[in-house]
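Residue numbers are given in full-length UniProt numbering: position 452 of the sequence shown equals residue 452, and the series is strictly consecutive. Every residue gets a Cβ at the ideal spot worked out from N, C-alpha and C, and that includes glycine. Encoded as structure tokens, the structure appears first; notes follow it.
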Amino acid sequence: MFKVTTYSKKNAKSSPTQKLRSLIPSRMRRQTTLAISCGKVLKVKAQTMVFTQVQCDDEDDREIVASSNYISNVTEEDFAQIYHVTLIEDGKIKEEDVEDAPIELEEGVKATIDELREVNLGNTEDPRPIYTSASLTQEEEGAYIMLLHEFKDVLAWSYKKMPGLDPKVAVHHLSLKKGARPAKQGQRRFRPELIPLIETEVNKLIEVGLIREVMYPMWISSIVPIRKKKGQIRVCVDFRDLNNACPKDNFSLPIVELMIDATTGHEVLSFMDGSSGYNQIRMAPADEELTAFRTPNGIYCYKVMPFGLKNAGATYQRAMQRIFNDMLHKNVECCVDDLVVKSKKREDHLYDLRKVFERLRRYQLKMNPSKCAFGVTSRKFLGFFVRQQGIEIEQAKIDAILRMSEPQNIHELKSLQGKLAYLRRFISNLAGRCQPFSRLMKKDVPFEWDEACDKAFKSIKSYLMKPPVLVAPVHGRPLILYVAAQERSVGILLAQKNDEGKRMLYTT
């Protein structure tokens, strides 16, 4: 074992990094390593491989294996603890230097998802159902129903209830690349039984004012009817040619992992979804005819922003950030048409909801009541289940891997690795577990699924039988870093002590 020496700030005359490197064999000098400091500020530097945890009780006696410019922007008060990695060879490790990650950190803990109760804001002739948490008390449910009655105009039970987002907030423009040549896709053939369904859907769109008939358009796209669960169809448009002619809008969309993390740690949540969100934003009048599409009975174009356009998501996200600019990352999170209202304290949630409803009403943005859930403690959000205590994998994502048989070719192996990458935050040392697969991914290597691959595959499946729940960090409490170093991979687990013991925050 190569152990890092503790350097006193008063006595250190040469670089701690240089002293550390002098202890490392030459063959190990280029090994990627880490230095992590945490306190009010969490800093990570790829410099030394982490293995030992050093408690910092004495302000003048710290073990800092990092260059001076790395920590120059952090005050000494910010350093609560510093974790380092030392390089391990054969030899005993002192108990005070390193400890194994508790097994319970990697054992599954099932999150409980709130059941919903349907409440009718209308009557028997004109039902207007909404959904609240079934765990609400009678008094709480009454308060939620009263608030929802007051703001039921922000919910749209049909297309007719959508006047459209205020054009001052957003209008969708189509910018074409210089020299782009108009494309007219040919008429597609449909089965005879589909044509009446297409006509019905198109007539609905005309009736509510989302599309209009157009003459002599320069661009024409084709439709693709998609069958819904209840046997109805959705008329989608193939905008590939138009999208290829449009430059990309580089407006930043939210990072999903950060969005999910920001939603945990709250006592009460309300989830909302924009009602045909894209269709609430108007197209710029001059660009409407660029969205022309061909049906069996005519050619139409969109008066509103349709689904399938290249930059529609960026336009919608930009609109949401303008509407909720002063609320974002405080009591509101939004990712395109997914909206979450969050409250640290249960008693504050109705107030937070009211502020959001007032903003929706002001800008005429409507929510889809069938996809809303009010006053819950947990719910599915962006593919994961979130609650106050942490984040859980959706069971369907796990089942997709558990049901897989061993890959028979490189294509199936890539499919497996893609599914695992989606869950990488929840699988400790994923790179190490998948190491036997790496050889098969190399060019000109024959695909031979050997015993090592089979063992790794079964190990991953076994791990996912009890997946962990990642928890939100508690500000002010020390973080604990566990590292598993192998010949070709390094696995890291970040944990934190709470009232019940140690809980996992992140793993990779």
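Using only CA atoms, which one of ILE398, PHE426, LEU479 and GLU451 lies nearest to PRO436? The shortest CA-to-CA distance from PRO436 to any of ILE398, PHE426, LEU479 and GLU451 is the one to GLU451.
Just to confirm, are PRO182 and MET146 a CB contact at a threshold of 8 Å? Taking 8 Å as the Cβ cut-off, PRO182 and MET146 do not qualify as a contacting pair.
Measure the Cβ-Cβ separation of LYS303 and ARG318 and say whether it is below 8 Å. Contact flag unset, no.
Evaluate the contact criterion for the segment 257–266 versus the segment 328–343: three or more CB pairs, one atom per stretch, below 8 Å. Pairwise C-beta distances place the segment 257–266 in contact with the segment 328–343, as three or more of them are shorter than 8 Å.
Taking contact to mean at least 3 C-beta pairs separated by less than 8 Å, is the segment 364–378 in contact with the segment 152–169? They touch, by the three-pair rule.
Hey, out of ARG322, GLY313 and LYS443, whose CA is closest to ASP337's CA? Cα-wise, what sits closest to ASP337 is GLY313.
Grab me the residues of GLY122's own chain with a C-beta within less than 7 Å of its C-beta, minus the 5 sequence neighbours each way, in chain order. Cβ neighbours of GLY122 within its own chain (closer than 7 Å, five residues either side excluded): ARG128.
Just to confirm the assignment: which complete beta strand (DSSP E) runs, minimum length 3, are found wholly within the segment 166–242? Correct list: 211–213, 221–227 and 233–238.
What is the residue span of the alpha helix (DSSP H) that PHE385 lies within? That residue, PHE385, is in no alpha helix (DSSP H); its beta strand (DSSP E) goes 384–387.
In or out: SER22 buried (at least 16 other Cβ within 10 Å) or exposed? Summary for SER22: the model assigns pLDDT 48, below 50, so the residue's position carries little reliability; its value from the coordinates is reported in the next sentence. Flag for SER22 reads exposed.
How many Å lie between ILE299 and ARG117 at the Cα? Approximately 44 Å between the Cα atoms of the pair.
Rounded to a whole number of angstroms, what is the C-alpha to C-alpha distance between PHE457 and LEU470? So the alpha carbons of these two residues sit roughly 23 Å apart.
In chain order, what residues of the same chain have a beta carbon less than 7 Å from the beta carbon of ASN297, not counting five sequence neighbours either side? The residues are GLU199.
Below 8 Å, how does it come out for the segment 268–282 and the segment 339–359: are there three or more Cβ pairs, yes or no? With a cut-off of 8 Å, the segment 339–359 and the segment 268–282 count as touching, because enough Cβ pairs lie within range.
Should HIS349 be labelled buried (16 or more other beta-carbon atoms within 10 Å of its own) or exposed? It is buried - the Cβ of HIS349 has at least 16 other Cβ atoms within 10 Å.
Of the residues VAL224, GLU150, SER175 and LEU253, the one placed nearest LEU197, counting alpha carbons only: Put simply, of VAL224, GLU150, SER175 and LEU253 the residue whose alpha carbon is nearest the alpha carbon of LEU197 is VAL224.
CB-CB under 8 Å to LYS355, same chain, minus the five flanking residues each way: which ones, in chain order? Same-chain partners within the cutoff: MET327 and ASN331.
Determine whether the beta carbon atoms of ILE401 and LEU464 lie at a separation below 8 Å. Contact flag set, yes.
Could you say if the segment 475–487 and the segment 409–424 meet the contact criterion of at least three C-beta pairs nearer than 8 Å? With the cut-off at 8 Å, the segment 475–487 and the segment 409–424 do not touch.
What is the rounded straight-line gap between the Cα of PHE324 and the Cα of LEU165? Roughly 14 Å separates the two Cα atoms.
Can you give the Cα-Cα distance for GLU394 and ALA373, rounded to whole angstroms? Rounded to whole angstroms, GLU394 and ALA373 show a C-alpha spacing of 18 Å.
Considering only the beta carbon of each residue, do CYS334 and LEU382 sit closer than 8 Å? The beta carbons of CYS334 and LEU382 sit no closer together than 8 Å.
Check GLU412 in the structure and name its three-state DSSP category. Of the three classes helix, strand and coil, the one that applies to GLU412 here is helix, per DSSP.
For PHE271, the three-state DSSP class (helix, strand or coil): Strand at PHE271.
Suppose the cutoff is 7 Å on Cβ atoms and the five residues either side in sequence are ignored; what does the same chain contact list for SER275 look like? These residues qualify, in order along the chain: ALA156, MET162, LYS366, MET367 and ASN368.
Identity of the residue in ASP114, GLN364, GLU115 and ALA495 nearest PRO468 by Cα: The option with the nearest alpha carbon to PRO468 is ALA495.
Quickly, what does DSSP pair SER370 with across the bridge? List them, please. Partner(s): none; SER370 has no beta bridge.
Simplified DSSP state of GLU392, which is helix, strand or coil: For GLU392, the three-state secondary structure derived from DSSP is strand.
Hey, ASP114 and GLN185 are a contact pair by Cβ (cut 8 Å); roughly how many whole angstroms apart? 46 Å between Cβ atoms; not a contact.
For SER343, count neighbouring Cβ atoms within 10 angstroms of its own Cβ and tell me buried if that reaches 16, exposed if not. The residue is buried, with at least 16 neighbouring Cβ atoms inside 10 Å.
Give me the DSSP bridge partner(s) of ASN120. Partner(s): PRO129.
Grab me the residues of GLY491's own chain with a C-beta within less than 6 Å of its C-beta, minus the 5 sequence neighbours each way, in chain order. SER428, ASN429, GLY432 and ALA484.
Grab me the residues of THR291's own chain with a C-beta within less than 7 Å of its C-beta, minus the 5 sequence neighbours each way, in chain order. The beta carbon of THR291 lies closer than 7 Å to those of MET283, CYS301, TYR302 and PRO306 in the same chain, with the five residues before and after it left out.
Here's the rule I'm using: 16 or more other beta-carbon atoms within 10 Å means buried, otherwise exposed. How should ALA245 be labelled? Buried.
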